[in-house]
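Here the protein sequences come in this chain order: A and B. The first sequence maps to residues 1 to 435 in the numbering used here. The second sequence maps to residues 436 to 692 in the numbering used here. Just so it is clear, CB atoms sit at the ideal spot from N, CA and C, and this is done for glycine as well. Structure record follows, encoded as structure tokens.
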Amino acid sequence: MPKKIIKINHLAKMEGHASFEGKILAGEISEAHIITEEGARLIEGTLVGRHYSEAPTITSRICGICPIVHHLTAVKALEKCFDVRVSSEVVMLRKILELAQVIHSHALHLFFLSLPDFLNYDDTKKMAGRYPNEAQMAIDIRKWATDLCLVIGGRITHPLTNMVGGFRKWPEEENLEKFLDGSGDILEMAQQIAQLFRDLDYPKFKNLGNFIALSDDTEYAIYDGEIKIWETKKNLVKKIFGKQMKGIEASKFVKKIKEIELRNELVKRVNYNGKPFFCGALARININKYLLNEEAAKFLETANIDFPTSNTFYNVLAQAVELIHCVEEIRNLLRELKKINWLDVKNASFKVKAGQGVAAIEAPRGTLYHYYETDKKGYIKNCNIITPTAQFLAKLEDDLSVFLSEFKNLSDIEREKKIKMMIRAFDPCISCATH
Amino acid sequence: MEQQKLKVAMVSLTSCEGCYFSLLDLGNEFLEIADKIDLVKFRLLEEKEHSEIEKYDIVFVEGSPILKSNFDELIDLRLRTKKLIVLGGCAHTGGTYAMRNHTDKKKACKYVYPKTNKKVFNPNILELSKIVKIDGVIPTCPINPREFVRFMSFVLNSLSFRIIERPVCYECQLAQTPCLLKMGLPCFGPMALGGCDAPCPKAGMPCQICRGPMKEVQWENFEKKIKNIIGDEKWEKDFNEILEIFNIKNKIIKSKE
């Protein structure tokens, strides 16, 4: 019989609804569960039989904070189905869109959802009142990124412009230039916000497990790459990461991960080689930190933390590093785009056919996979969507159970705070997970 | 003398929460509105659970009831609020998740949950007005945050908010957006209730009428014209498929009668 049951109903300040339940046996937490509270939307089930062109529209409705990555991953997977090769300009615009998505999601999570835990505030509005300058910077960074999403994607939430083959409408050149002009200020703000997160007191924690992210030899992978895995158990020799690691194609990797249905729980738990794994900002930094842009890399040096690390609380700091990196990367891409003569840019033409395609893109919270199989008229025969939160939920539960066994003597209130702090450090998106 | 601020709750049923993120995207403008009201429940910003006996002046509800607890919460909120305003496509029309109503929903559930499907609660997705009395709508998937600002400025001045009956085409023309219908794309703009500021046609995406049709539409005229442009066969297919995306098909047929 469990000695003590800890239950936290309706976790706030995160995307989607969930509760926590832990069981302490003889002073040690033996179990920790996240109980998700979103209804089954059956997105994949309803997509079967629909025309392929609807998939980006419908799958973006999975999540209101990261609709762009669903939209883009659907488009990219369908382009694999039909063997479409889009132009480099299309790829650059999509990269900017995805980077901007990461920025606005991270800025919101870092400052408004996670920071109150570190500074001991229940109410975000109160905290923002105490740190008005920083709050304004977080809002300004977010605004810069969401405006960019609007200009390239056509709308911030549930984007519109992307389609198989390219863009329905190209962004206006002079609009893009405005963002390049503003990028210097935004970069400075991102650096200041990041410093705030560097100087926080992170709980000490370690646990075994895998960290999985997209990786590319030439750039910090967000839009494309192969899957790489950092195993905390074997790879304690920290030199073996980045280029030396062996990559796996996304289409092969999805066959190696298992989705497990649970009783009374709508989110399937995902494992790789029978073990839970982490994906998200910390996995990306752990694997790809040597490809960070200049300012982000410099900042990481000053943090004095030995990456790769298995302390998942550092996911918060990793997001702060990415905030800087993504602003720099967008600036680089906007500079590249300045050289382009838009009159020459065209969408790829293609023929709808029977086919299969898997695509993976790094969402703010980790690698998102979409798979589609179409018939010769372009109707969807099969599909699967594996979201980042579904992937790391088992790891979160595992980390929570280990973390809590270290806090046997805390008061209930303090323990509850620690639980919430860890959950929010993972930045779960329950809406995505329960699609 | 300072007036008592309106007690407002912002609640999501099963949803993507995109309508609330659209509000946060307003940035400072949203925080200014939040200052003028007593925002007693908004889980994206606050941890505290307010007492069960709390009474609200306005409750905004986003999303679809897909869990049993979603239904309970909706009914409970109705009993505790003076006004219940539905926010966004899901709450207003049933939205995207209602696509299961047009297919074999048991089969769809079995596809996603091959082992546990029999235990999964799998209701038809309903617009909220079919479950409780509602006092207002801010439509669109996701809501147009500007429309929310307009709504709040009416409410804060004790005026009642009303959506003006004019089509999405009106807003397209104001913005000088090239007509997609004329290009041969199946755009429902002429029939669709405006107020969204026409983001879709502006982005080259035909209107899929997520806000629903205007009250008095001459459906037959539109159908005749659109068939001329895109052809009979394509029209039949588009009509059936596109109008299912935001669960609008049944609403159109009604206005046709």
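- Listed in chain order, the non-local C-beta contacts of A:L110 below 8 Å within the same chain comprise A138, I193, F197, V316, Q319, A320, L323, local neighbours out to five positions each way being set aside.
- When the beta-carbon positions are compared, B:V590 and B:H527 stay at least 7 Å from each other.
- For A:H10, the three-state secondary structure derived from DSSP is coil.
- With respect to chain B, the C-beta atom of A:G182 has no partner C-beta closer than 7 Å.
- Among the CB atoms of chain A, one or more fall inside 7 Å of the CB of B:S457.
- Separation of B:Q643 and A:Y202 (C-alpha to C-alpha, rounded to the nearest whole angstrom) is 48 Å.
- By the C-beta density criterion, A:D399 is buried, having at least 16 other C-beta atoms within 10 angstroms.
- For B:F495, the three-state secondary structure derived from DSSP is strand.
- If you compare the alpha carbons of A:L393, A:L115, A:K418 with that of A:S405, the shortest gap goes to A:K418.
- Along the segment 37–54 of chain A, the positions whose C-beta sits under 7 Å from a C-beta of chain B are E37, E38, G39, A40, R41, L42, E44, G45, T46, V48, G49, H51, E54, read in chain order.
- Against chain A, the CB of B:M534 has a partner CB under 7 Å away; the residue lies at that interface.
- Inclusion of A:H435 and A:I62 in the CB contact set at 7 Å is warranted, their separation being smaller than that value.
- Exposed is the label assigned to B:M618, since fewer than 16 other Cβ atoms lie within 10 Å of its Cβ.
- The beta carbon of B:A543 falls within 7 Å of a beta carbon belonging to chain A, placing the residue at that interface.
- Here A:G45 is buried. Its C-beta has 16 or more other C-beta atoms within 10 Å.
- Assigned with DSSP and collapsed to three states, A:H104 falls in helix.
- Look at the segment 359–393 of chain A and you find these whole runs of beta strand (DSSP E), each 3 residues long or longer: 366–374, 380–386.
- Here B:Y548 is buried. Its C-beta has 16 or more other C-beta atoms within 10 Å.
- With a threshold of 16 other beta carbon atoms within 10 Å, A:G184 falls short and is exposed.
- Listed along chain B are G453, C576, P577, each with a C-beta nearer than 8 Å to that of A:H158.
- Only buried fits A:N293, as 16 or more other CB atoms lie within 10 angstroms of its CB.
- Within chain A, no residue has its CB atom less than 9 Å from the CB of B:A633, the nearest being about 11 Å off.
- Residue-level contact by beta carbon holds for B:G462 and chain A, with a gap shorter than 7 Å.
- Judged by their CB atoms, A:K395 and A:F205 are not nearer to each other than the 7 Å cut-off.
- In this structure, A:P171 sits away from A:H71, with a CB-CB distance that is not shorter than 7 Å.
- According to the DSSP assignment, B:S450 belongs to no alpha helix (DSSP H), since it is labelled neither H nor E.
- The C-beta distance from A:L176 to A:V151 rounds to 7 Å, short enough to meet the 8 Å contact threshold.
- Our two residues, A:I413 and B:D507, have alpha carbons roughly 29 Å apart in a direct line.
- About 16 Å separates the CB atoms of B:A610 and A:R168; that is not less than 8 Å, and the two are not in contact.
- DSSP places A:S87 in the coil class of the three-state scheme, outside both helix and strand.
- Each residue's CA atom was taken as its position, placing B:Y532 and A:I5 some 35 Å apart.
- Leaving aside the five residues that flank A:E261 on each side, the residues in its chain whose CB is nearer than 6 Å to its CB run, in chain order, K268.
- With the rule of 3 Cβ pairs closer than 8 Å, the segment 450–457 of chain B counts as touching the segment 491–503 of chain B.
- When C-beta distances to chain A are compared with 8 Å, the residues of the segment 492–515 of chain B below that value are S499, P500, I501, L502, S504, N505, in chain order.
- Taking all protein chains shown into account, B:A627 has 16 or more neighbouring C-beta atoms within 10 Å of its C-beta and is therefore buried.
- Against chain A, the CB of B:Y548 has a partner CB under 7 Å away; the residue lies at that interface.
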